[in-house]
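Reviewing the structure listed below.
In our numbering, the protein residues as written are 4 to 604.
See below:
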C-alpha cells in the first residue's frame, strides 16, 4: 500500500518521465520526418490529455523538439506562436475587462430575467438566456461566475419565502407578519464574497479540469440553529432541492451553449477559425457574420430543448400550468421577483463608464457583422486595394485600443459652475487587462499552430490522409457522427482547447482524403468539442455550479447525457440542412488541395 501511495503522489512525474521514454522507439526505429513529428505529437497530446504539465508548458514542446529533429527551424516555429488569433483575443479581452469592471454584465443579466417573469420555469429560462448572451462575448467561465451568485440569492430567497409562508399559516391567529419578501442583506454579502473568490479561481478561457471550494452560508433567522455542513445541506422539501438543482445546471449548461454562437464565444471556436484560415487561405467563408448566422439557430434550439429537458427531469414539464393566463403569483414567485428587483435597483442608473462600454460593445459587434457579410459589400471593400488584409481582429483591436484611451470619468461642475478635474484614468488599465487575459490559452493555441505547421512540413498530414482514405466508403453523415461523438467523449476528460487542437490536424486531412468539403467535418467537430456536460471537472462552469453544494455527480451525469445527445443531434441537423447552402458543403471546394487518390462516397 505504501508503494501504491508513493506512486500516486509522484504519478505526474512518472508520466512526464516515462511517456517520452516509452515512445522513443518510434523516431529511433522509423527514421523519417513523419515519425519524428508523430513522436512530438504523441508526447504533447498525452501531456495535454493528462495535464501532467500545465497546458501552456506542454504547448512549448514543439518549439524545443522540432528544431532538434530538423523538422522546422526555431524561427519558423516561433512565428506560429503569435498569429491573427492572438490579436482578436486581445481586443475581445479588452471588452470583457471593461464589462466586468463596470458591472454591465450584472445589469444585462438582471434585466433579462426581469423581462421573462418569476415563475420557476420562466425564471430558469430567463437565467439561461441572460447567461447564454453573456457567454457570447465573455468567456464561459466568467459568464457562469457572474450569474451564479444572483441565481443562488434567488434560490435561497425562494426557500426562505416558503418557510415564512408556512410560519404565517401556523401563527396567523397571533397576528404574525410575513417577511418573506424582505431581501436578506447578509446572504448577498456572503454571495458577493463567494463570487469574488470564484472569479479569481476560474477567470479565463481555459476549460480544463477545475476544482472549486465553496463555503455554505446559512443565515440565522428567528432563532439559532446548528450550521449544516456542505454535504448535509437541508431543504424544506424535495421540490425546493429540485429547483436549486435546475437553476445550477441551467447556468452551467447555458454558459457553454451560448459560447457556440460567436467565433469569439469560446476558445475552441477561435482555434478552429485560425487553424482553418491558416490551412486554407483561399477560403474567406469563415468570419464572424457567417459563423453567427450558422450557429444562432443551433444555440437557440439547444437552449430551448435543454430547458425543457432539465425541467422535465427535475420538476416535471407542466405545459398548461406554465401558460395559464391570469394566474396569481405564489409567495415563491413574489420572493423571486423581489430579490431580482432589489438587486437591480442597487445598481442605480447607468453610469458613464457603463454607457461607453455598451456603445463600444455594440460598435464592435457591428464592425464584425458588416466587415464582409457576403450578401452585400462590407466596410472591408473600402480597402479593395488590399483584399483580405483587414480581418475581425482589425475591428477588435480598433475598439480594444479605445478602452485604454477614453477616460473613465467626466468633468463635473460645482454649484458655482466650476469644473472639478479628476485624474485621467482610462476605462481599463493594463494591470486590469493582464488579470483578465488568458495567457495560458494564448500559448496553448500557439502550440497547436506549431504542431499543425510541423505536420504539414514533415508530410505527416499527407500520410494520415492516405491511411484514412478507406473511410470514404462510409456515408458522409456517419463519418461526421463518428468524429463528433469521438471529440464529445474525449472532451469530457480533457480540456476543450487541447481536444480541438489535437483533432483539427487529423480531421482536416481526413476530409481531404475522402474528398469531402473540410467544413463538413470540421464545423460539427468544433461545436461538439464544447459539449463537456457530464462531469463537474469537465469544464470550469460545471465546477463553479457544483461547488455550491446543491448537486451530486449523478445529477450532472443524468442531465448532461441528455444535453450531449441533444447537442450532437442539433449540430448534425444544422450541417445537413441550412449549413449546406451556406458553405456549399456538397461540393469539394477549389480552395482545398486536390487529392490524387479519391474515394467515392
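Glycine is no exception: its CB is placed at the ideal position from the N, C-alpha and C atoms. Please read all numbers here as calculations on a predicted model, not as lab measurements.
Of the residues assessed, residue 39 falls on the buried side of the cut-off, its CB having 16 or more other CB atoms within 10 angstroms. Comparing C-alpha distances from residue 513 to each of 456, 122, 524 shows the shortest one belongs to 524.
Relative to residue 94, the option among 47, 366, 50 whose CA is nearest is 366. Counting of Cβ neighbours within 10 angstroms places residue 578 among the buried residues, the total reaching 16 or more. Residue 266 holds the alpha-carbon nearest to the alpha-carbon of residue 302 among 266, 316, 541, 290. Nearest to residue 21 by C-alpha distance, out of 45, 259, 41, 36, is 45. Within a 10 Å sphere around the beta-carbon of residue 403 sit 16 or more other beta-carbons, which makes this residue buried.
In the DSSP secondary-structure assignment, residue 429 is bridged to 410.
With fewer than 16 other beta carbons inside 10 angstroms of its own, residue 434 counts as exposed. For residue 449, the uninterrupted alpha helix (DSSP H) run begins and ends at 442 to 460, by DSSP. One thing to note: residue 533 has its Cβ no nearer than 7 Å to the Cβ of residue 100. Within the same chain, and ignoring the five residues on either side of residue 409 in sequence, the residues whose Cβ sits closer than 7 Å to its Cβ are 359, 429, 430.
CA-CA distance, residue 352 to residue 346, rounds to 13 Å.
About 4 Å separates the CB atoms of residue 529 and residue 275; that is less than 8 Å, so the two are in contact.
Taking every protein chain shown into account, the CB of residue 257 has 16 or more other CB atoms within 10 angstroms, so this residue is buried.
The three-state secondary structure of residue 435, taken from DSSP, is helix.
Here DSSP, grouped into helix, strand and coil, assigns residue 288 to coil. Following the DSSP letters along the chain, one finds residue 582 inside the alpha helix (DSSP H) bounded by residues 582 to 586.
Here residue 563 is buried: its Cβ has 16 or more other Cβ atoms, across all protein chains shown, within 10 Å. Residue 74 is a Cβ neighbour of residue 460, given a cutoff of 7 Å. In this structure the region 542 to 549 lies against the region 241 to 258, because at least three pairs of beta carbons, one per stretch, are closer than 8 Å. Between the beta-carbon of residue 96 and that of residue 440 there is about 5 Å, and that keeps the pair under the 8 Å contact cut.
Three or more beta-carbon pairs separated by less than 8 Å are not found between the region 367 to 374 and the region 58 to 75, which leaves the two stretches without contact. Taking the Cβ atoms as the reference, residue 448 lies roughly 25 Å from residue 136, outside the contact range of under 8 Å.
The alpha carbon of residue 86 has as its nearest neighbour, out of 568, 110, 280, 247, the alpha carbon of 280.
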